[in-house]
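Novice:
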Amino acid sequence: MTIIYSIVCSMHIYSCIFFFCPFQGKFKKTQKVLKLKRVINPNDNRLKKTNDKVIKKNDKKNEGKVKQIVPIDSNLFFNYNENLCPPYNIILDTNFINSSIQYKIDIIKGCSELLLAKCNIYVTDCVVAEMEKLGQRYSLALKLLKDPRYNRLTCTHKGTYADDCIVNRVTESRCYIIATNDRDLKIRLRKIPGVPILYAKNFKYKIERLPDNIMI
Numbered sequence: 001m002t003i004i005y006s007i008v009c010s011m012h013i014y015s016c017i018f019f020f021c022p023f024q025g026k027f028k029k030t031q032k033v034l035k036l037k038r039v040i041n042p043n044d045n046r047l048k049k050t051n052d053k054v055i056k057k058n059d060k061k062n063e064g065k066v067k068q069i070v071p072i073d074s075n076l077f078f079n080y081n082e083n084l085c086p087p088y089n090i091i092l093d094t095n096f097i098n099s100s101i102q103y104k105i106d107i108i109k110g111c112s113e114l115l116l117a118k119c120n121i122y123v124t125d126c127v128v129a130e131m132e133k134l135g136q137r138y139s140l141a142l143k144l145l146k147d148p149r150y151n152r153l154t155c156t157h158k159g160t161y162a163d164d165c166i167v168n169r170v171t172e173s174r175c176y177i178i179a180t181n182d183r184d185l186k187i188r189l190r191k192i193p194g195v196p197i198l199y200a201k202n203f204k205y206k207i208e209r210l211p212d213n214i215m216i
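Quick note on full-length UniProt numbering: the sequence shown kicks off at 1 and runs consecutively.
#1: Between which two residues does the beta strand (DSSP E) holding Thr124 run?
#2: Which residue wins for smallest C-alpha separation from Pro87, given the options Cys175, Leu145, Val170 and Lys133?
#3: Classify Ile197: buried if its beta carbon has 16 or more other beta carbons within 10 angstroms, exposed otherwise.
#4: Report the residue from Leu185, Arg169, Asn89 and Val170 whose alpha carbon sits nearest the alpha carbon of Leu115.
#5: I'd like the list of long-range same chain contacts for Thr180, defined as Cβ closer than 7 Å, with 5 residues on each side in sequence excluded.
#6: Measure the C-alpha to C-alpha separation of Ala129 and Ile101 and round it to an integer number of angstroms.
#7: Between Leu140 and Asp163, what straight-line distance do the alpha-carbon atoms span, to the nearest angstrom?
#8: First and last residue of the beta strand (DSSP E) that includes Lys206?
#9: Assuming Val123 and Tyr150 make a contact with CB atoms under 8 Å, what is their CB distance in whole Å?
#10: So for Arg174, helix, strand or coil by DSSP?
#11: Going by C-alpha distance, which of Ile166, Gly194 and Cys85 is nearest Asn120?
#12: Please report the distance separating the alpha-carbon of Asn202 from that of Asp182.
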């Protein structure tokens with residue numbers, strides 16, 4: 001009897017161990033997950049101290065810097081330029097002349113039809129020098145610019161980089177419309193208030209940033 005009783009007790013113990021083992025493993029797993037999920041509270045003072053230090057550092061860096069504000073011309077009012085009136089003064093870019101030839105558009109006629117007014121067409125010395133450097137590709141454009149209706153603007157700067165020349169000329173006197181198809185030059189001109197941009201697209205001319213009441 002004692003042997004049978006001991007066998008039954010041992011079987012009962014083994015069954016209990018077998019039954020409770022998986023639950024014990026799950027409990028340990030949940031404890032591990034809880035340990036991993038411990039995160040600092042976003043309202044903790046330790047985080048606030050680090051943020052305050054970063055803000056103070058940025059303030060110290062910006063203390064020595066001086067903000068330069070470009071003075072806006074008195075003739076401008078909410079990007080409306082009173083200096084723009086017929087006859088319109090248009091400065092041509094190298095890219096615009098080339099695209100006009102490709103689209104077979106007469107520059108003077110196309111500008112006059114778009115703006116419904118007389119247009120004075122100008123070309124800078126650096127634009128002509130830029131086309132001369134490029135050679136035969138712009139030979140037709142150079143012949144076109146020999147027309148006396150195209151006025152030349154003399155350049156006093158060094159070099160033949162036309163984009164800087166056009167931007168500087170427009171910032172000094174904002175009485176010009178810039179005709180260009182150059183993407184980089186357009187981005188630079190859009191930062192200057194009151195300067196319209198004329199460009200060629202789909203075999204015709206288009207203009208942006210010109211108020212409607214000017215054209216009446």
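Virtual Cβ for every residue (Gly too), placed ideally from N, Cα, C.
All figures in this text were calculated on a predicted structure; none of them were measured in a lab.
Specialist: Reading off the structure:
#1: Counting along the chain, the unbroken beta strand (DSSP E) around Thr124 starts and ends at Cys119 to Thr124.
#2: It is Cys175.
#3: Taking all protein chains in view, the Cβ of Ile197 is crowded by 16 or more other Cβ atoms within 10 Å, so the residue is classified as buried.
#4: Checking every option, the nearest Cα to that of Leu115 belongs to Asn89.
#5: Taken in chain order, the residues that qualify are Asp93, Asn95, Phe96, Lys186, Ile197 and Tyr199.
#6: The straight-line gap from Cα to Cα measures roughly 18 Å.
#7: Distance between the alpha carbons of Leu140 and Asp163: 21 Å.
#8: Here the beta strand (DSSP E) through Lys206 covers Lys204 to Glu208.
#9: Between Tyr150 and Val123 the Cβ distance is about 6 Å, and since that is below 8 Å, they are a contact.
#10: The answer is coil: DSSP assigns Arg174 none of H, G, I, E or B.
#11: For the residues Ile166, Gly194 and Cys85, the minimum Cα distance to Asn120 belongs to Cys85.
#12: For Asn202 and Asp182, the gap between their C-alpha atoms comes out near 15 Å.
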